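These notes are about the structure you will find just below.
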Amino acid sequence: MEAMVHEYFQRVLTRADGDTASRILHPSVEHRDMVRDIGYQGVREVLEYVHQVKKSYPDLWVEATEFGPAEGGQAIFAAFEGLATEKTPLFKGIDLFRFNDDITRITEVEVYRSNWQGAKGHQERKKAVANGSNGNPAPN
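Residues 1 to 140 (full-length UniProt numbering) are what the sequence shown spells out, left to right.
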(Lines of atoms letter the chains of each structure in order from A; the text may use other names.)
(Lines give C-alpha, C1' and ligand atoms only; values in the text may rest on other atoms or scores of the structure.)
Protein backbone atom coordinates (compact mmCIF):
# COMPACT_ATOMS: atom_id res chain seq x y z
CA MET A 1 0.00 0.00 0.00
CA GLU A 2 2.79 2.42 0.88
CA ALA A 3 4.46 1.90 -2.49
CA MET A 4 1.18 2.63 -4.28
CA VAL A 5 0.65 5.80 -2.24
CA HIS A 6 4.19 6.93 -3.05
CA GLU A 7 3.38 6.42 -6.74
CA TYR A 8 0.18 8.40 -6.33
CA PHE A 9 2.04 11.42 -4.92
CA GLN A 10 5.22 11.20 -7.01
CA ARG A 11 3.87 10.11 -10.37
CA VAL A 12 0.17 11.02 -10.47
CA LEU A 13 0.12 14.33 -8.57
CA THR A 14 3.66 15.56 -9.17
CA ARG A 15 4.12 14.38 -12.79
CA ALA A 16 0.48 14.06 -13.94
CA ASP A 17 1.32 10.56 -15.21
CA GLY A 18 -1.86 9.12 -16.73
CA ASP A 19 -0.44 5.63 -17.23
CA THR A 20 0.36 5.34 -13.53
CA ALA A 21 -3.06 6.75 -12.62
CA SER A 22 -4.78 4.13 -14.79
CA ARG A 23 -2.70 1.36 -13.21
CA ILE A 24 -3.06 2.26 -9.51
CA LEU A 25 -6.47 3.96 -9.36
CA HIS A 26 -9.65 1.89 -9.53
CA PRO A 27 -11.74 2.89 -12.58
CA SER A 28 -14.44 4.31 -10.28
CA VAL A 29 -12.02 5.89 -7.77
CA GLU A 30 -13.49 8.65 -5.60
CA HIS A 31 -11.26 11.63 -4.84
CA ARG A 32 -12.74 13.92 -2.19
CA ASP A 33 -11.29 17.21 -1.01
CA MET A 34 -12.56 17.37 2.56
CA VAL A 35 -11.42 21.00 2.98
CA ARG A 36 -13.28 22.45 0.00
CA ASP A 37 -16.05 19.80 0.01
CA ILE A 38 -15.65 18.86 -3.66
CA GLY A 39 -14.98 15.54 -5.31
CA TYR A 40 -14.02 13.75 -8.50
CA GLN A 41 -15.27 10.34 -9.66
CA GLY A 42 -13.26 8.04 -11.89
CA VAL A 43 -9.73 8.10 -13.26
CA ARG A 44 -10.59 10.58 -16.03
CA GLU A 45 -12.01 13.20 -13.62
CA VAL A 46 -9.09 12.76 -11.22
CA LEU A 47 -6.63 13.29 -14.08
CA GLU A 48 -8.55 16.36 -15.29
CA TYR A 49 -8.27 17.77 -11.76
CA VAL A 50 -4.53 16.99 -11.64
CA HIS A 51 -3.97 18.65 -15.04
CA GLN A 52 -5.87 21.75 -13.89
CA VAL A 53 -3.72 21.96 -10.75
CA LYS A 54 -0.55 21.49 -12.83
CA LYS A 55 -1.64 24.34 -15.15
CA SER A 56 -1.72 26.65 -12.14
CA TYR A 57 1.33 25.14 -10.44
CA PRO A 58 3.59 23.46 -13.03
CA ASP A 59 6.38 22.97 -10.48
CA LEU A 60 4.09 21.38 -7.88
CA TRP A 61 5.53 18.43 -6.03
CA VAL A 62 4.01 16.35 -3.26
CA GLU A 63 5.53 13.47 -1.30
CA ALA A 64 4.39 11.12 1.44
CA THR A 65 6.31 11.51 4.69
CA GLU A 66 4.63 9.07 7.12
CA PHE A 67 2.09 6.25 7.05
CA GLY A 68 -0.41 4.77 9.47
CA PRO A 69 -2.72 1.77 9.04
CA ALA A 70 -6.48 2.27 9.10
CA GLU A 71 -9.74 0.36 8.83
CA GLY A 72 -8.39 -3.11 9.54
CA GLY A 73 -5.75 -3.05 6.83
CA GLN A 74 -7.95 -1.95 3.89
CA ALA A 75 -6.86 1.67 4.21
CA ILE A 76 -3.84 3.76 5.09
CA PHE A 77 -3.31 7.30 6.29
CA ALA A 78 -0.46 9.15 4.57
CA ALA A 79 1.00 12.37 5.90
CA PHE A 80 2.36 14.46 3.06
CA GLU A 81 4.10 17.69 2.27
CA GLY A 82 4.56 19.62 -0.91
CA LEU A 83 5.38 22.87 -2.58
CA ALA A 84 3.24 24.62 -5.18
CA THR A 85 5.92 27.09 -6.32
CA GLU A 86 9.27 28.29 -5.07
CA LYS A 87 7.53 31.40 -3.72
CA THR A 88 4.74 29.71 -1.77
CA PRO A 89 4.96 28.14 1.68
CA LEU A 90 5.33 24.42 2.20
CA PHE A 91 1.93 22.80 2.63
CA LYS A 92 1.22 19.69 4.66
CA GLY A 93 -1.70 17.42 5.25
CA ILE A 94 -3.03 13.93 5.60
CA ASP A 95 -4.83 11.79 3.04
CA LEU A 96 -6.82 8.66 3.73
CA PHE A 97 -6.44 6.04 1.00
CA ARG A 98 -8.88 3.13 0.72
CA PHE A 99 -8.13 0.09 -1.43
CA ASN A 100 -10.06 -2.64 -3.22
CA ASP A 101 -10.36 -6.08 -1.59
CA ASP A 102 -7.07 -7.44 -2.95
CA ILE A 103 -5.17 -4.18 -2.31
CA THR A 104 -4.24 -3.73 -5.98
CA ARG A 105 -5.96 -0.39 -6.62
CA ILE A 106 -6.86 2.77 -4.76
CA THR A 107 -10.65 3.12 -4.54
CA GLU A 108 -10.91 6.34 -2.50
CA VAL A 109 -8.74 9.29 -1.57
CA GLU A 110 -9.90 11.70 1.14
CA VAL A 111 -7.70 14.80 1.12
CA TYR A 112 -7.09 16.83 4.29
CA ARG A 113 -4.43 19.56 4.26
CA SER A 114 -3.26 22.51 6.28
CA ASN A 115 -2.44 25.68 4.37
CA TRP A 116 -2.87 24.95 0.63
CA GLN A 117 -5.82 27.34 0.35
CA GLY A 118 -3.97 29.84 2.50
CA ALA A 119 -0.87 29.80 0.30
CA LYS A 120 0.06 33.35 -0.58
CA GLY A 121 -1.41 34.42 -3.91
CA HIS A 122 -3.55 31.30 -4.44
CA GLN A 123 -6.74 33.15 -5.41
CA GLU A 124 -4.85 35.50 -7.74
CA ARG A 125 -3.19 32.56 -9.52
CA LYS A 126 -6.56 30.82 -9.95
CA LYS A 127 -8.00 33.98 -11.56
CA ALA A 128 -4.96 34.40 -13.82
CA VAL A 129 -5.19 30.78 -15.03
CA ALA A 130 -8.91 31.22 -15.71
CA ASN A 131 -7.97 34.24 -17.85
CA GLY A 132 -5.37 32.31 -19.89
CA SER A 133 -2.15 33.02 -17.97
CA ASN A 134 -0.05 30.37 -16.23
CA GLY A 135 -0.75 32.14 -12.93
CA ASN A 136 2.88 32.70 -11.98
CA PRO A 137 4.19 36.21 -11.38
CA ALA A 138 6.23 37.84 -14.12
CA PRO A 139 10.00 37.81 -13.50
CA ASN A 140 11.50 41.03 -12.13
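Where a beta carbon is used, it is the ideal one built from N, C-alpha and C, also for glycine. Everything numeric in this text was worked out from a predicted model, so none of it was measured.
- Taking Ser22 as the centre and dropping the five residues before and after it, the same chain places the C-beta of Val43 closer than 7 Å to its C-beta, in chain order.
- In terms of Cα proximity to Gly82, the closest of Gln74, Phe91, Ile76, Ala75 is Phe91.
- Contact between the stretch 54-67 and the stretch 17-31 is absent: fewer than 3 CB-CB pairs across the two stretches fall below 8 Å.
- Pairwise C-beta distances place the stretch 104-111 in contact with the stretch 5-25, as three or more of them are shorter than 8 Å.
- Counting other Cβ atoms within 10 Å of its Cβ, Thr88 reaches 16 or more and is therefore classed as buried.
- Look at Ile24 here: in three-state DSSP terms it is helix.
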